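Shown next, in structure tokens, is the structure this report addresses.
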Amino acid sequence: MNKTIYFVFNVQNKVKMKKHLLKILNLGLVLISIPAITLAENPNDKNESNMKEFKTTEFPALPYAYDALEPYIDARTMEIHYDRHHRAYFNNFVAAIKGTALENSSIEKIFSEVSKAGDAVRNNGGGFYNHVIFWENLGKGTSKPSAALAEAINQTFGSFEKFRETFSNAAKTRFGSGWAWLYLTADKKLAVGSTPNQDNPLMDVSPVKGIPLLTIDVWEHAYYLKYQNKRADYVEAFWNVVNWDEVNRRYAEAVK
Ligand code: MN
135 MNKTIYFVFN
145 VQNKVKMKKH
155 LLKILNLGLV
165 LISIPAITLA
175 ENPNDKNESN
185 MKEFKTTEFP
195 ALPYAYDALE
205 PYIDARTMEI
215 HYDRHHRAYF
225 NNFVAAIKGT
235 ALENSSIEKI
245 FSEVSKAGDA
255 VRNNGGGFYN
265 HVIFWENLGK
275 GTSKPSAALA
285 EAINQTFGSF
295 EKFRETFSNA
305 AKTRFGSGWA
315 WLYLTADKKL
325 AVGSTPNQDN
335 PLMDVSPVKG
345 IPLLTIDVWE
355 HAYYLKYQNK
365 RADYVEAFWN
375 VVNWDEVNRR
385 YAEAVK
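The structure is reproduced here in structure tokens:
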């Protein structure tokens, strides 16, 4: 029996499509026929959709508008931070790896041997990657830690409040410029720490090592326009705009 299936596609459907279907999307409602066999679920597709591969060749869009985090993080800071600081790190990183063996490496692989790669790769690669994690773990909404993450936080820190205090202290006491992190260690335990400059816990040079789950940028460019020298106020405001859905996703992925 010739299995042919007819489908109606709506342009608004955010369905992942095979490349050969993309060209018909702008026709709106269309009737097409394709062999049923091409529609069989590929288990790899599912894995792909659950994983977020970090692309070293793309400057990702900010996942929300510049003013989305007002009043906690102001629009002007977001615009300058994303479009100038972050973009410069990306451009300089791409220039630093161009034509080298690192060009086709994953970011994780690059960071795991970053001590050999030189300061341009370390500083700009970190600057590029850290900001992507930071933008993604920010958002305004009603998300909260998943049951699994909440339990791990309680086990490690005693309570959510103790965790928040530990993380905030790491952010407030990082001398000069850097980042504070919640990360998962190699033995799958939660830990909090901070890194200087644009280093991160994936780097072989970092004193804290693991998979990043949540981060805050404590460079002055992240808060100076609104908070001036009051880093502590910025750190407290940060808790109003943590996108726990993303942190939960990263945690679930990391503990696998
Ligand atoms: Mn920054």
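Numbering (the working numbering), first residue to last: 135 to 390. Positions of the beta carbon are idealized from the N, C-alpha and C atoms, including for glycine. No experiment lies behind these values; they were computed from the predicted model shown.
Open item on the list: Could you compute how far the alpha carbon of E247 sits from the alpha carbon of S340?
Closed with: 11 Å
Task: L196, DSSP secondary structure in three states - done: coil
Task: Contacts around I231, its chain only, beta-carbon distance under 6 Å, and the 5 residues preceding and following it disregarded - done: E237
Open item on the list: Does V326 come out as helix, strand or coil in the three-state DSSP assignment?
Closed with: strand
- [ ] Count the other CB atoms, across all protein chains shown, that sit within 10 Å of the CB of A304; report buried if there are 16 or more and exposed otherwise.
- [x] buried
Task: 8 Å contact criterion, which G97 and D333 should meet: CB distance rounded - done: Limits of the chain in this structure are 135 at one end and 390 at the other, which puts residue 97 out of reach.
Task: R221 at chain B interface by Cβ criterion, 7 Å - done: Protein chains in the displayed structure number just one, and chain B is not present.
Task: Inter-residue spacing [alpha-carbon to alpha-carbon] between R383 and Q362 - done: 33 Å
Open item on the list: Between A281, F262, V326, L283, which has its C-alpha nearest F193's C-alpha?
Closed with: F262
Task: Range covered by the beta strand (DSSP E) that runs through I477 - done: With the chain represented from 135 up to 390, any question about residue 477 goes unanswered, as that position is not in the structure.
TODO: Pick helix, strand or coil for T191, following the three-state DSSP scheme.
DONE: coil
- [ ] Alpha carbon to alpha carbon, how far is L324 from A388? Give it in angstroms, no decimals.
- [x] 11 Å
- [ ] Could you spell out where the beta strand (DSSP E) holding L203 opens and where it closes?
- [x] Taken as a continuous stretch (DSSP letters only), L203 belongs to no beta strand (DSSP E), as it is neither H nor E.
Task: Start-to-end residues for the alpha helix (DSSP H) that takes in T307 - done: 294-307
Task: Where S183 falls: helix, strand or coil (DSSP) - done: Unreliable placement is indicated for S183, whose pLDDT of 39 sits below 50; no coordinate value is reported for it.
Open item on the list: By the three-class DSSP mapping on this structure, what secondary structure does Y216 have?
Closed with: helix
TODO: Take the Cβ of S167 as the centre, count every other Cβ of all protein chains shown within 10 Å, and call the residue buried at 16 or more, exposed below.
DONE: The predicted position of S167 is uncertain, since its pLDDT is 39 and thus under 50; no value can be drawn from it.
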